[in-house]
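In this note's numbering, the protein residues as written are 6 to 551.
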């Protein structure tokens, strides 16, 4: 067999069942012959986004893989990889590479010389006899420590080189090894949390990757500590739980805001505590504790008083046992009246926002669109994601994430158009789920042609385009250009575009028509067809910020 065939066989052993791709890349055919389904995207970034969405929903237990040609393929994929790196998503990238006789020749693009800032590990897989070694190292990096993209550049001469069939025999799939924290660190952290007057847990996606939601719920109930989530951590804690505060991101629920105002102790569980426009800021002067599997994140942006480095699930089990040793098997009751406070804050919150969520305005309020979507689907049976900009800011605080990975929050990098590929990858990971992607018209312009990928590949997702004809709020950045040349204006008939790309498409202009249109779109999904609903919305700048 040749190098391509060996890589394909190793991918199969590692559980890869489909391959996101764009040619020319001979690995595509080798994978197809191994029973790995190739899905051809319309643009490399979308293919990377698909691999990203798949890895997220699978919590990195199975890895999304994208392959592309050398040169322009690797160049076009860069943005998608940067987003996955920013959001800590493990994906495997296998670009073609220049033959060894053509390395270091201008202007040949070499991925290993250019992807260093947005990957965790890179190698030039330039010797066919070392392919198992390179692949094993790649999967080990993907399954240990902080999740991130890994890249193996695969030169043409190694891909076509011959190697004995027995080369695959000794390859064993990589086992993920995990560890807990120092017991003394756990004891000190839990003791401090229990002494605090109003502690809060801020939960990141480390809890999702560790599949530790049940453990987090148990610890929160045992200690009676309320829980908020980061944007990426949304769905790590059920938002219908009486201790749930909701999401604390660039937009924030009133419950989370008030909790941060009164807290004296914040535990970051499975979070990097990164200072970002898309994370809520931690209050000055409070005691901070942090648990993460990436020790390099300790004290990165905030100086923490207590730390516990290890896998979130294992550390939570340690914390539960430590809390029981200090409180007893049944924990403590509602010592600070936390649950009643949250219930009152939640009532205040929805009293403020119900006029938006139930608006009859024309053009349509985007908040009314979210309300109708929430009525139409069971949030437990759906996976929802957003796109960059106002769709994200508006939907994140209100969509009820009730079980793990029912919402894919993203945004430490905020590339327009990212959500469409993410949604397709999520559908590949969880075909039984209803997948919903909410994006603006600007985002559709970045990636909308991959609706055709969903149609051709029979990936039945629902895309909701909020079309207000402008780039909301951008006029603040170029007021003169907007006034004189309409630089913030956009145009298009996106439902018609979707129909032309093989999907169900419908434009909705009246609030009364939203619900029946959603039902028609969901029916199309059940028949195996992707759907796009173009909602003619107002330019809504009001968001949940306090």
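Backbone N, C-alpha and C fix where the C-beta goes; we use that ideal spot for every residue, glycine too.
Bear in mind that the values here come from a model prediction, so they are computed numbers and not experimental data.
- Nearest to residue 497 by alpha-carbon distance, out of 481, 517, 471, is 471.
- Taken in chain order, the unbroken stretches of beta strand (DSSP E) that lie wholly in the region 389-476 and span 3 residues or more are 439-445, 467-472.
- Proximity of the region 406-414 to the region 36-43 falls short of the contact definition, fewer than three beta-carbon pairs being nearer than 8 Å.
- When DSSP states are grouped into helix, strand and coil, residue 46 belongs to the coil group.
- With 16 or more other Cβ atoms inside 10 Å of its own Cβ, residue 238 counts as buried.
- Annotation for residue 327: 191, 192, 195 place their beta carbon closer than 7 Å to its own, counting only its chain and skipping 5 residues before and after.
- By alpha-carbon distance to residue 101, the top candidate from 283, 169, 27, 21 is 27.
- With fewer than 16 other Cβ atoms from the protein chains shown falling within 10 Å of its own Cβ, residue 106 counts as exposed.
- If the five residues before and after residue 542 are omitted, its C-beta is found closer than 8 Å to the C-beta atoms of 368, 369, 370, 371, 374, 471, 472, 473, all from its own chain and listed in chain order.
- A buried status is given to residue 442, since no fewer than 16 other beta-carbon atoms sit within 10 Å of its beta-carbon.
- In this structure, residue 454 keeps its C-beta atom at 8 Å or more from the C-beta atom of residue 42.
- Counting only the Cα atoms, residue 426 lies some 16 Å from residue 411.
- Of all C-beta pairs linking the region 280-291 to the region 245-255, three or more are shorter than 8 Å, placing the two stretches in contact.
- Residue 320: member of the alpha helix (DSSP H) spanning 317-332, first to last residue.
- Annotation note: the region 120-180 contains the following uninterrupted beta strand (DSSP E) runs of length 3 or greater, listed N- to C-terminal: 126-129, 155-160.
- Close CB contacts of residue 420 within its chain, under the 7 Å cut and outside five residues either way in sequence, are with 84, 88, 393 (chain order).
- Within the model, the alpha-carbon separation for residue 248 versus residue 476 is close to 37 Å.
- Just so you know, the alpha carbons of residue 507 and residue 481 end up roughly 38 Å apart.
- If you draw a straight line from the Cα of residue 241 to the Cα of residue 539, it comes to about 30 Å.
- In this structure, residue 343 lies away from residue 521, with their beta-carbon atoms at least 8 Å apart.
- Note on geometry: alpha-carbon atoms of residue 96 and residue 127 lie some 12 Å from one another.
- In its chain, beyond the 5 residues on either side, 254, 283, 414, 416 have a beta carbon closer than 6 Å to the beta carbon of residue 236.
- With respect to the 8 Å criterion, residue 198 and residue 294 are classified as neighbours on the basis of their beta carbons.
- Setting aside the 5 residues that flank it on each side, residue 302 is surrounded in the same chain by 277, each with a C-beta closer than 6 Å to its C-beta; the list follows chain order.
- Residue 388 and residue 434 have their alpha carbons spaced roughly 11 Å apart.
- Between residue 486 and residue 492, the alpha-carbon positions lie close to 6 Å from each other.
- If one requires a minimum length of 4 residues, the alpha helix (DSSP H) runs lying completely within the region 176-245 are 188-200, 211-214, 218-228, in chain order.
- Here DSSP, grouped into helix, strand and coil, assigns residue 531 to helix.
- The three-state reading of DSSP puts residue 495 in coil, since its state is none of H, G, I, E or B.
- Between residue 124 and residue 154, the C-beta spacing is below 8 Å.
- According to the DSSP assignment, residue 12 belongs to the alpha helix (DSSP H) that extends over 8-18.
- Per DSSP, residue 364 has no beta-bridge partner at all.
- When only Cα atoms are considered, residue 11 and residue 93 end up about 28 Å apart.
- Non-local beta-carbon contacts of residue 380 in its own chain, meaning distances under 8 Å to residues more than five positions away in sequence, involve 520 in chain order.
- In the assembly as shown, residue 452 is a buried residue. Its beta-carbon has 16 or more other beta-carbons within 10 Å.
- If you draw a 10 Å sphere on the C-beta of residue 318, you find 16 or more other C-beta atoms in it, and that means buried.
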